[in-house]
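Only one structure is covered here, and it is reproduced in the block below.
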Amino acid sequence: MAMQHSPAIHEQQQLALLERDGLAGWLGCEPSARSLSDALNTGVLRTMGGEGAEAFINGEKVRVPALRVDAVDTTAAGDCFVGVLASALDRGLSLDASMRRAAKAAAIACSRPGSQSSIPHNDETDSWT
Numbered sequence: 001m002a003m004q005h006s007p008a009i010h011e012q013q014q015l016a017l018l019e020r021d022g023l024a025g026w027l028g029c030e031p032s033a034r035s036l037s038d039a040l041n042t043g044v045l046r047t048m049g050g051e052g053a054e055a056f057i058n059g060e061k062v063r064v065p066a067l068r069v070d071a072v073d074t075t076a077a078g079d080c081f082v083g084v085l086a087s088a089l090d091r092g093l094s095l096d097a098s099m100r101r102a103a104k105a106a107a108i109a110c111s112r113p114g115s116q117s118s119i120p121h122n123d124e125t126d127s128w129t
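This is the structure we're talking about:
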């Protein structure tokens with residue numbers, strides 16, 4: 001008797017793949033912003049925690065390092081990064097300048113406890129070195 005494919009096993013294998021490799025594993029591509037962008041046919045921003053962030057949008061590749069801080073709480077770092085990035089882009093900053101500003105704000109957020117309360121105001125991000 002031939003063994004039939006089990007959807008439950010297939011789903012478990014897919015979940016294991018997603019957990020191991022994330023979206024890139026599921027798509028069968030490298031986990032870089034450019035590879036993901038090519039596979040998805042859209043711009044991609046990829047945050048990488050302490051390694052920084054990279055983007056590939058409309059043929060432009062940008063990579064910014066994470067700023068080193070004594071991390072207290074990283075809970076809001078990603079949300080802070082994305083929010084500040086969106087705000088900076090909306091104000092007309094370039095992708096590179098927006099990502100650098102977002103990295104700075106995320107670093108400030110990591111240096112403080114809490115989530116919402118750790119996100120810096122504009123003037124704090126402006127003055128932080």
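By this note's numbering, the letter at position 65 of the sequence shown is numbered 65, and the numbering carries on one by one without gaps. For glycine and all other residues, C-beta sits at the position ideal for the given N, C-alpha and C.
With respect to the 9 Å criterion, Gly49 and Ala86 are not classified as neighbours on the basis of their beta carbons.
Beta-bridge pairing by DSSP links Lys104 to no other residue.
In this structure, Pro120 lies away from Ala97, with their beta-carbon atoms at least 9 Å apart. Phe56 is bridged by DSSP to Val44 and Lys61. Ala71 sits close to Ser111, with the two beta carbons spaced by under 9 Å.
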